[in-house]
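Peer 1: For the record, in the sequence shown the residue sitting at position 74 is 59 according to our numbering, with numbers rising by one throughout.
Glycine residues also receive a C-beta, built at the ideal position from the N, C-alpha and C atoms.
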Amino acid sequence: MPQRNANANSIVAILPIAVAALPIYYFRTRTPQIDFRVALFLVAGSVVGAYLGARLLKRIPDRELKLAVVVVLGVIGVKELLFP
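1. Between R(-11) and L50, which are expected to be in contact by the criterion C-beta below 8 Å, what is the C-beta distance as a whole number of angstroms?
2. Taking the CB atoms as reference points, tell me whether N(-8) and L27 lie closer together than 9 Å.
3. Name the two residues that bound the continuous alpha helix (DSSP H) containing K64.
4. For I19, name the three-state secondary structure that DSSP assigns.
5. Spatial neighbours of M(-14) within its chain, please: C-beta separation below 7 Å, excluding the five flanking residues on both sides.
6. If you draw a straight line from the C-alpha of R40 to the C-alpha of P46, how long is it?
7. Under the three-state reduction of DSSP, which class applies to V1: helix, strand or coil?
This is the structure in structure tokens:
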């Protein structure tokens, strides 16, 4: 699968999972586990980031995009190993 499709599919897969989790975290416990003020900022940032990322994705060559994904995931992996 091309990297562009993988990135797009990943973003599309996250939305239904988040929507399905919302009622579980809000209604299934005695006190809601969701801070809607924080969630509002996360949603706003995600919408802007997804829009800008999709536009930027068109301009980045596939090889550089794959390299960027490898670097980001590598940095996150090292961080998790050193600071769990």
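Peer 2: If we stick to the structure as given:
1. Position 4 of the sequence shown, counting from 1, holds the residue named residue -11. Position 65 of the sequence shown, counting from 1, holds the residue named residue 50. Rounded, the Cβ-Cβ distance is 7 Å, consistent with contact.
2. Looking up residue -8 in the sequence shown gives position 7. Looking up residue 27 in the sequence shown gives position 42. Contact flag unset, no.
3. For the purposes of this step, residue 64 is identified with residue 79 of the sequence shown, where counting begins at 1. That run of the alpha helix (DSSP H) goes 47 to 67.
4. Within the sequence shown, residue 19 is the residue found at index 34, counting from 1. Note: I19 maps to coil in three-state DSSP.
5. Mapped onto the sequence shown, residue -14 falls at position 1. Closer than 7 Å at the Cβ level, and outside the excluded window around M(-14), lies no residue.
6. In the sequence shown, counting from the first residue as 1, residue 40 sits at position 55. In the sequence shown, counting from the first residue as 1, residue 46 sits at position 61. So the two alpha carbons sit approximately 13 Å from each other.
7. Looking up residue 1 in the sequence shown gives position 16. Before going on, a small fix: residue 1 reads as Pro here, not Val. The answer is helix: DSSP assigns P1 an H, G or I state.
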